[in-house]
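The structure appears below as structure tokens.
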DNA sequence: CACAGTATGAGTACTTGTACTCATATGATC
DNA sequence: GATCATATGAGTACAAGTACTCATACTGTG
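Residue numbers (the numbering used here), protein chains in the order written: chain A, 1 to 215; chain B, 1001 to 1215.
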């Protein structure tokens, strides 16, 4: 290794960023040159400076890690991407790699593996955390791996309704809060279900709760 | 301040512990002498050594932070407790203080406030993060701050139903899975609602999802 | 202007959850 | 044996979500 490599950390939890920074800077070959607390500012950092690698959380406000990944694939192909997430789900893994990720690391494993992962991806390789794909929790299975696309197809009104659905509010409560008829709310719910291919009594609530972070 | 104070960190995410440790050890007056990844080992650490303060996450495997708090109140009254959590919910805050916590800090705020909080609680004071109680999400409000007690009052059959409810299953699906009539499932749901003081269309699902970890 | 998309509101039918009541069977305890 | 808690099943009534249909109004675009 000839030079020191610059790293961007994007995660919405400051303490978590600090933990990651601390791990990375234990190695003399890496230096964290920027941090971002949301997807938007991550992209801004990537526009301003060049990085050898970016460590991305998937669940971030403003723009999800997946959206940042997509942006990086199109704009900063020279920067390696490591996804650092809590979700040991193969669906997320697949989507991340489809969007150009070079590494996929579980937060619980990062303590021991982050440096090794960075070594691999900075040399052009790929690294996937062990334990991925064997999580006990039934994780949302993206039917065709295009949740974000479908989500972004929702109208603003639909998104507003969906946010309140994710807080377990009823159509009446949502209607009161948005100052529209509860029938309109039910229309929005139905349209969201159709747009997202959801079916069944609790499907919408389930989706809303699980994707709350990406709304 | 005369001596260096010893701190225990309990959180299930290693990177997060590292971030917290890093923050704490920026101050020359504190040193992290132990870490724990779950409630059980936190209690073990507290049995083995004396600490001036403990920084506890609420959501941990094995035993929740609340259970650790309860244990500390009865066994290590000389050790100050700071709850470090993501939940800006007054219900949790109240329960934490009822169980003897001295501080309540949001993870997002900890970066700037942890040292000040430790200063306060180690001198016998109490510290509550700003922004607590104003979260946008309607968070579960424990009517009298005794969720654990009520939860343990549930019968095994009720708990089984509740677990499946937390997976967004319908009564019919639960009936099929447990091989009982869906009417029985609905009875269990109703009884759980009564036992827990829940009311409203989505109240049970909301409760089940939010307390999934403690089931 | 015509058209498409969106937001809004309502009707109808069906399913599901909630909140009660009641009944039966089983197993433990006194 | 009587009693109590639990589990099981069902009846009834109402509220809510789902899944359609239709209609009106506004806002852009071509």
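Virtual Cβ for every residue (Gly too), placed ideally from N, Cα, C. Predicted model, so just to flag it, every value in this text is computed and none were measured.
Quick one: using the 10 Å Cβ neighbour count with 16 as the cut-off for buried, is residue 1126 of chain B buried or exposed? exposed
Report yes if the C-beta distance between residue 209 of chain A and residue 1209 of chain B is below 8 Å; otherwise report no. yes
Which residues does DSSP list as the beta-bridge partners of residue 1005 of chain B? B/1030
By how many angstroms is the C-alpha of residue 1204 of chain B removed from the C-alpha of residue 1198 of chain B? 7 Å
Counting C-beta neighbours from all protein chains within 10 Å, is the total for residue 1181 of chain B 16 or more, i.e. buried, or is it exposed? exposed
Answer yes or no: does any C-beta atom of chain A fall closer than 8 Å to that of residue 1019 of chain B? yes
Where do the N-terminal and C-terminal ends of the alpha helix (DSSP H) with residue 1039 of chain B fall, by residue? 1039-1048
Using a Cβ-Cβ distance under 8 Å, would residue 22 of chain A count as near chain B? yes
Residues in the segment 1184-1210 of chain B having any Cβ partner in chain A nearer than 7 Å: 1201, 1202, 1205, 1206 and 1209
By the criterion of Cβ-Cβ separation under 8 Å, what are the contact partners of residue 170 of chain A in chain B? 1200, 1201 and 1202
Thinking C-beta only, is residue 8 of chain A closer than 8 Å to residue 33 of chain A? yes
Taking only beta-carbon atoms, is residue 115 of chain A less than 8 Å away from chain B? no
Extent of the continuous beta strand (DSSP E) run through residue 1085 of chain B: 1080-1085
Taking 8 Å as the cut-off, decide whether the C-beta atoms of residue 1065 of chain B and residue 1083 of chain B are in contact. yes
DSSP-derived helix/strand/coil call for residue 1103 of chain B: strand
Buried or exposed: which applies to residue 196 of chain A, given that a residue is buried once 16 or more other Cβ atoms fall within 10 Å of its Cβ? buried
Check for me: the beta strand (DSSP E) holding residue 53 of chain A runs from which residue to which? 53-56
Unbroken alpha helix (DSSP H) runs of length 4 or more, entirely within the segment 148-209 of chain A: which are they? 156-165, 171-178 and 182-196
Using the Cα positions of residue 18 of chain A and residue 11 of chain A, report the straight-line distance between them to the nearest angstrom. 10 Å
Below 8 Å CB to CB, which residues in the same chain sit around residue 23 of chain A once its five sequence neighbours on both sides are set aside? 110, 111, 114 and 115
Whole-angstrom distance between residue 117 of chain A and residue 1026 of chain B, CA atom to CA atom: 28 Å
I need the straight-line Cα distance from residue 1121 of chain B to residue 1057 of chain B, nearest angstrom please. 16 Å
Residues bridged to residue 35 of chain A by DSSP? A/9
Tell me whether the beta-carbon of residue 54 of chain A lies closer than 8 Å to the beta-carbon of residue 79 of chain A. yes
Relative to the alpha-carbon of residue 4 of chain A, which residue among A/20, A/51, A/44 and A/36 has its alpha-carbon at the smallest distance? A/51
What's the gap between the Cα of residue 37 of chain A and the Cα of residue 95 of chain A? 22 Å
For residue 1216 of chain B, which residues of its own chain have a beta-carbon under 6 Å away from its beta-carbon, when the five flanking residues on both sides are left out? The requested residue 1216 of chain B does not occur in the structure, where chain B is confined to residues 1001 to 1215.
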